[in-house]
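Trainee: Letter by letter, the sequence shown follows residues 21 to 253 in our numbering. Built from N, CA and C at the ideal position, the CB exists for glycine as well. Remember, predicted model here, so these are calculated numbers, not experimental data. This structure is in structure tokens; I'll ask about it shortly.
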Amino acid sequence: KVSTCADTTCNEWISEEMLATALQDAAQLGSFCSAAAAEPGFWASAATTSLCAEVLLSFAKAFESEVSSLSDALVALHAKNHSNSVKVHAFSVNMDQGILAPAASVWLRFLQDLPQNRPGSLTILLQCRRAVTVLLAEAWVKNFIREPPRCSASEALSLLQKDEDAIQVLGRSPELESFLLVFAALRTLLRRAAQHGKVEWEDLTRAETQFQELLGEDTGRSLAQALWQAVNR
């Protein structure tokens, strides 16, 4: 199975074209099974018809899961093959424009080049958009933790807005909404730092709790510590 290793480390022979073909096949089969389950026709008896619909629906869900895994694998492989163009650089490199715009524009073209007007095409788009959004969000958080922007709170607010605008060009998704909540919490504290010259410890503690809910305990704690470092330089 080409989707068993999302990072493709155990499938070096797999190309993007092979993954894209497998992804399209899985999406089309899932679409077919969903449509057939919705209108199964009549199979000898009502009980048999109901059973057929249940089986078709189970197959549809299995193919949907496969589409999700294949989308993760395709995005990971594309990132590996185009590492220079999709790399999210440190804040010290792109202090004027934020750090997400260059990579986001490349990923937008990737999404726009996905097959359209075919059975399952929308599912592929949504799953690849999810995978790309997660990849960019994780890269942004890692960069902030590793090296917070060395600038004033007001300048950091401007960078935050530019990165928020950049990632939103990919389109809406639950993963984007979650990441925007991280930005919202950061923005609240940066505004207080800009207005009052500092952030109260109680405010940071509340933000850390929110970060941990959105990003996990360790990453949330690290992000809060990086923010504290940034506003108290």
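Jot down the residue ranges of each uninterrupted beta strand (DSSP E) in the region 165–190, minimum 3 residues, whole runs only, in chain order.
Mentor: Within the region 165–190, no complete beta strand (DSSP E) run reaches 3 residues.
Trainee: Going by other Cβ atoms of all chains shown within 10 Å of its Cβ, with 16 needed for buried, is Ala66 buried or exposed?
Mentor: Taking the first residue of the sequence shown as 1, we reach residue 66 at position 46. By the neighbour-count rule (16 or more Cβ atoms within 10 Å), Ala66 is not buried but exposed.
Trainee: Is Leu235 closer than 9 Å to Leu243 when the C-beta atoms are compared?
Mentor: Here residue 243 corresponds to residue number 223 of the sequence shown, with the count starting at 1. Here residue 235 corresponds to residue number 215 of the sequence shown, with the count starting at 1. Yes, these two residues count as a Cβ contact at 9 Å.
Trainee: Using a Cβ-Cβ cutoff of less than 7 Å, which residues in the same chain neighbour Val87 once the five nearest sequence positions on both sides are dropped?
Mentor: Position 67 of the sequence shown, counted from the start, is the residue given in the question as residue 87. Taken in chain order, the residues that qualify are Leu43, Ala46, Ala47, Gly50, Thr143, Ile144, Gln147.
Trainee: Quick check on DSSP: helix, strand or coil for Ser85?
Mentor: As a working note, residue 85 is residue 65 in the sequence shown. Correct three-state label for Ser85: helix.
Trainee: My output table needs one value for Ser193: the three-state DSSP class, helix, strand or coil.
Mentor: Residue numbering aside, residue 193 sits at position 173 when the sequence shown is read from its first letter. Three-state DSSP puts Ser193 in coil, outside helix and strand.
Trainee: Buried or exposed: which applies to Gly217, given that a residue is buried once 16 or more other Cβ atoms fall within 10 Å of its Cβ?
Mentor: Along the sequence shown, one-based indexing puts residue 217 at 197. Exposed.
Trainee: For Thr28 and Trp221, what's the separation of their Cα atoms in angstroms?
Mentor: One-based indexing of the sequence shown puts residue 28 at position 8. One-based indexing of the sequence shown puts residue 221 at position 201. Low confidence applies to Thr28: its pLDDT is 45, below 50, so where it sits in the model is not reliable, and the reading given next is rough at best. Roughly 43 Å between the two C-alpha positions.
Trainee: Can you list, in chain order, the stretches of the alpha helix (DSSP H) that have 4 or more residues and sit fully within the region 117–143?
Mentor: Listed in chain order, the complete alpha helix (DSSP H) runs (minimum 4 residues) inside the region 117–143 are 121–132.
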